[in-house]
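A quick write-up on the structure given underneath.
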Amino acid sequence: MDFAFELSEDQRALRQTLREFAEAEIAPHAAEWDRTGTFPAQTVRKLGELGVMGLAFPEQYGGLGAGALSFAVALEELARVDSSVAITVAASVSLGGVPILQFGSEAQKQKWLVPLARGETIGAFASTEPGMGSDVQGLSTTAREDGAGWVINGTKAYITNAGTELSSFVTTTAITGERSPGRPEVSTLIVPVDAPGFEPQKPYAKMGWHASDTRELVYADCRVPAEAMLRERGAGARIFLATLDVGRIGVAAMGVGLAQGCLDHSVAWANQRCAFGQPIAKYQAVSFELAELKARIDAARGMVFRAAALKDAGKPVTEAAAAAKLMASELAVHAANVAMQVHGGYGYMEESAIPRFYRDAKILTIGEGTSEILKLVIARQMGLSV
Ligand SMILES: Cc1cc2nc3c(=O)[nH]c(=O)nc-3n(C[C@H](O)[C@H](O)[C@H](O)COP(=O)(O)OP(=O)(O)OC[C@H]3O[C@@H](n4cnc5c(N)ncnc54)[C@H](O)[C@@H]3O)c2cc1C
40 MDFAFELSED QRALRQTLRE FAEAEIAPHA AEWDRTGTFP AQTVRKLGEL GVMGLAFPEQ
100 YGGLGAGALS FAVALEELAR VDSSVAITVA ASVSLGGVPI LQFGSEAQKQ KWLVPLARGE
160 TIGAFASTEP GMGSDVQGLS TTAREDGAGW VINGTKAYIT NAGTELSSFV TTTAITGERS
220 PGRPEVSTLI VPVDAPGFEP QKPYAKMGWH ASDTRELVYA DCRVPAEAML RERGAGARIF
280 LATLDVGRIG VAAMGVGLAQ GCLDHSVAWA NQRCAFGQPI AKYQAVSFEL AELKARIDAA
340 RGMVFRAAAL KDAGKPVTEA AAAAKLMASE LAVHAANVAM QVHGGYGYME ESAIPRFYRD
400 AKILTIGEGT SEILKLVIAR QMGLSV
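For the working numbering, count along the sequence shown from 1 and bump the result up by 39.
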C-alpha cells in the first residue's frame with residue numbers, strides 16, 4: 040500500500056457510538072423487519088439525528104464534514120448488525136446525495152442535499168432498467184425537452200429508496216438526444232417523488248434486504264422543470280461513473296461489516312457449542328476457518344479504508360474502490376457460508392441471525408457493479424485492452 044492512514048480519535052469514537060446504537064436500536068428488531076418487510080423509517084430518522092446521513096457532506100450543506108472514511112466506518116457498523124438499514128443509508132448518501140454534491144448547482148444542493156444530509160429525507164439513483172444494468176449505453180428511458188422543462192418516459196428496475204415515506208427525489212439517467220450518429224446522449228435529471236407521471240410500483244419480493252425499499256419505477260410522461268437537469272445535458276455517463284466510484288466504497292464497507300457480523304456470531308457460537316465432549320472451537324477445522332476469516336476481513340477492511348482515504352484526499356479512486364468492493368463483497372458471501380456451517384442446524388433456523396446474513400450477502404456481489412464488471416474496471420486501469 041502506498042497510502043497510509045490511521046483512524047482518528049473521532050472516527051474511533053464514531054465506531055463505538057454506531058456499535059452501541061446498532062446493538063441497542065437495530066439488533067432487537069432486525070429479524071422482525073426482515074420477516075415482515077418493514078422499512079425502518081424511525082431508525083433512519085434517528086441515524087439522521089446522530090449525524091450519520093451527513094457524515095460525508097460539508098457543513099455548509101447540513102453535514103458534519105467528516106468524509107468518506109468516517110462514513111465507511113459507520114456503514115460497516117450498521118451492516119455488522121443489519122444490511123437493510125445499512126443499504127438504506129448507503130444508497131441515500133452515495134447514490135442520492137453524492138451526485139448532487141459533486142455535480143449539482145448551489146440551488147440544487149440547498150433544495151435536495153441539505154434535508155438529505157440532515158436525515159429528514161432520503162434520496163435514490165435510478166439507472167438500471169428491465170433490459171439494462173451493467174451497460175449504461177443500453178439505456179432506453181428518454182427525456183425530451185418541451186417548453187416548460189423535460190418529459191421523461193421509461194421504466195427503471197430494482198431501485199432502492201424511491202417509495203418510502205422519507206423518499207424525496209430520484210436522480211434518473213435518461214437519453215436526451217444523440218451525441219453522434221448511433222451514440223446516445225445520456226443525461227441525469229433530479230425527479231421529485233411527487234412529480235406528475237412518476238409512478239413507483241409495489242416493492243419487489245426479494246431474496247434478502249427485506250427491510251430495504253426496492254421498486255420498479257414507471258415514468259409516464261413524467262414532467263420535471265428545466266432546473267431538474269444535473270450539471271448539463273450529456274453529463275450522464277460521467278455522473279454515473281463518478282457516483283459508482285463512491286457507491287462502491289460504501290458497498291465494500293457493508294461487505295466488511297456483514298463479514299464481521301458473521302465472524303462475531305461464529306466465535307461466540309464456537310466457544311459455547313459442544314460436540315464430542317468439548318466446545319467446537321477446540322477443533323482446528325473450526326477455529327482455523329475463523330482465524331482465516333478474521334485475517335481476510337482485516338485485509339478487506341484495509342482496502343476499504345484505503346479507498347475511502349484516497350477519496351478524502353481528492354485522489355482517483357476508481358481502481359481502489361472497485362478492488363475493495365470486489366474483495367469485500369465476495370468475502371461477505373464466503374463469511375455467511377462459513378457462519379452457517381459453524382452454526383450447524385441452528386444456523387439454518389430463522390431464529391438465528393445467520394439466514395438473514397446469508398440472504399443479504401449475495402447482492403453485494405451484484406449491485407453497483409457486478410464482480411465481473413469490477414474486474415473489467417480493474418483490468419482497464421491496469422492497461423489491459425479488455
Ligand atoms: C436489491 C437491489 C437493489 C438495487 N438498487 C439499485 C438502485 O438503487 N439503482 C440502480 O440504478 N440499480 C439498482 N440495482 C440494480 C443493480 O445495480 C444491477 O442489477 C447490477 O448493476 C447488474 O445489472 P443487471 O442486473 O442488469 O445485470 P446484467 O448487466 O444483465 O449482467 C448479468 C450478468 O452478466 C455479466 N456481464 C454483463 N456484462 C458483462 C461483461 N461485459 N463482461 C463480463 N460479464 C458481464 C454480469 O456480471 C452478470 O453476471 C439494484 C439491484 C438489486 C438486486
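Glycine included, every Cβ here is placed at the ideal spot set by N, Cα and C. In this text, all values refer to a predicted model and were calculated from it rather than measured experimentally.
How many whole angstroms separate the CB atoms of Cys301 and Ala378, which I take to be in contact at a CB cut-off of 8 Å?
-> On the sequence shown, residue 301 is found 262 positions in, with the first residue counted as 1. On the sequence shown, residue 378 is found 339 positions in, with the first residue counted as 1. Right, their Cβ atoms sit about 4 Å apart.
In chain order, what residues of the same chain have a beta carbon less than 8 Å from the beta carbon of Thr167, not counting five sequence neighbours either side?
-> Here residue 167 refers to the residue found at position 128 of the sequence shown. If you ignore the 5 residues before and after Thr167, its C-beta comes within less than 8 Å of the C-beta of Lys195, Ala196, Tyr197 and Ile198, all in its own chain and listed in chain order.
Report the three-state DSSP secondary structure of Asp41 (helix, strand or coil).
-> Within the sequence shown, residue 41 is the residue found at index 2, counting from 1. Residue placement at Asp41 is flagged as unreliable, the pLDDT there being 48, under the threshold of 50; a coordinate-derived value is accordingly withheld.
Rounded C-beta distance between Ala163 and Val209? I'm assuming under 8 Å.
-> Here residue 163 refers to the residue found at position 124 when the sequence shown is read from its first residue. Here residue 209 refers to the residue found at position 170 when the sequence shown is read from its first residue. Indeed, because the Cβ distance is near 4 Å, the residues count as touching under 8 Å.
Contact test: Tyr397 Cβ vs ligand 1 heavy atom, cutoff 7 Å = Reading the sequence shown from its first residue, position 358 is the one you call residue 397. Distance from the C-beta of Tyr397 to the nearest heavy atom of ligand 1 is not below 7 Å.
Got a sec, what are the start and stop residues for the beta strand (DSSP E) Tyr258 sits in?
-> In the sequence shown, residue 258 corresponds to position 219, counting from 1. Residues Thr253 to Pro264.
How about Gly106 and Asp351: are their beta carbons less than 8 Å apart?
-> Sequence index remark: in the sequence shown, residue 106 carries index 67 (1-based). Sequence index remark: in the sequence shown, residue 351 carries index 312 (1-based). In contact: Gly106 and Asp351 (Cβ atoms closer than 8 Å).
For Trp248, verify whether its CB is less than 7 Å away from any heavy atom of ligand 3.
-> This structure simply doesn't include ligand 3; it includes ligand 1 instead.
Name the DSSP beta bridge partners of Leu228, please?
-> Taking the first residue of the sequence shown as 1, we reach residue 228 at position 189. BP columns for Leu228 point to Thr211 and Met268.
Compute the Euclidean distance between the alpha carbons of Glu98 and Phe110, then round it to the nearest angstrom.
-> Counted from its first residue, the sequence shown places residue 98 at position 59. Counted from its first residue, the sequence shown places residue 110 at position 71. Each residue's alpha carbon lies about 15 Å from the other.
Contact under 8 Å by Cβ, Gly96 with Gly87 | Residue mapping note: residue 96 aligns to position 57 of the sequence shown, counting from 1. Residue mapping note: residue 87 aligns to position 48 of the sequence shown, counting from 1. With the sequence shown as reference, residue 96 is identified as Phe, and Gly is not the correct amino acid for it. With a cutoff of 8 Å on beta-carbon distance, Phe96 and Gly87 are scored as not near each other.
Are the beta-carbon atoms belonging to Ile426 and Glu224 less than 8 Å from one another?
-> Given a span of 40 to 425 for the chain in the structure shown, any question on residue 426 remains unanswerable.
Measure the C-alpha to C-alpha separation of Glu358 and Ala338 and round it to an integer number of angstroms.
-> Within the sequence shown, numbered from 1, the residue matching residue 358 stands at position 319. Within the sequence shown, numbered from 1, the residue matching residue 338 stands at position 299. Cα to Cα, Glu358 sits roughly 16 Å from Ala338.
Going by Cα to Cα distance, which pick from Pro235, Ala182 and Pro67 is closest to Leu269?
-> By 1-based counting over the sequence shown, the position of residue 269 is 230. Ranking Pro235, Ala182 and Pro67 by Cα distance to Leu269 puts Ala182 first.
So what's Ser219 in DSSP terms, helix, strand or just coil?
-> Counting from 1 along the sequence shown, the entry for residue 219 is found at position 180. Strand.
Roughly how many whole angstroms lie between the Cα atoms of Asp41 and Ile126?
-> As a first step, residue 41 is located in the sequence shown; it is residue number 2 there, counting from the start. As a first step, residue 126 is located in the sequence shown; it is residue number 87 there, counting from the start. Low confidence applies to Asp41: its pLDDT is 48, below 50, so where it sits in the model is not reliable, and the reading given next is rough at best. Distance between the alpha carbons of Asp41 and Ile126: 30 Å.
Which residues in the same chain as Arg54 place their Cβ atom closer than 7 Å to its Cβ, once the five residues preceding and following it in sequence are excluded?
-> Locating residue 54 in the sequence shown gives position 15, counting from the first residue. Cβ-Cβ distances below 7 Å link Arg54 to Val112 and Glu116 in the same chain, with the five nearest sequence neighbours on each side left out; the list follows chain order.
Should Phe208 be listed as close to ligand 1, given that the test is whether its C-beta is under 7 Å from any heavy atom?
-> Reading the sequence shown from its first residue, position 169 is the one you call residue 208. No, ligand 1 has no heavy atom inside 7 Å of this Cβ.
Would Val343 pass as a contact of Val295 if the rule is Cβ separation under 8 Å?
-> If you number the sequence shown from 1, residue 343 lands on position 304. If you number the sequence shown from 1, residue 295 lands on position 256. Yes. Within cutoff.
What does a CB cutoff of less than 6 Å around Gly177 pick up in its chain, not counting 5 residues either side in sequence?
-> In the sequence shown, counting from the first residue as 1, residue 177 sits at position 138. In its chain, beyond the 5 residues on either side, Met171 have a beta carbon closer than 6 Å to the beta carbon of Gly177.
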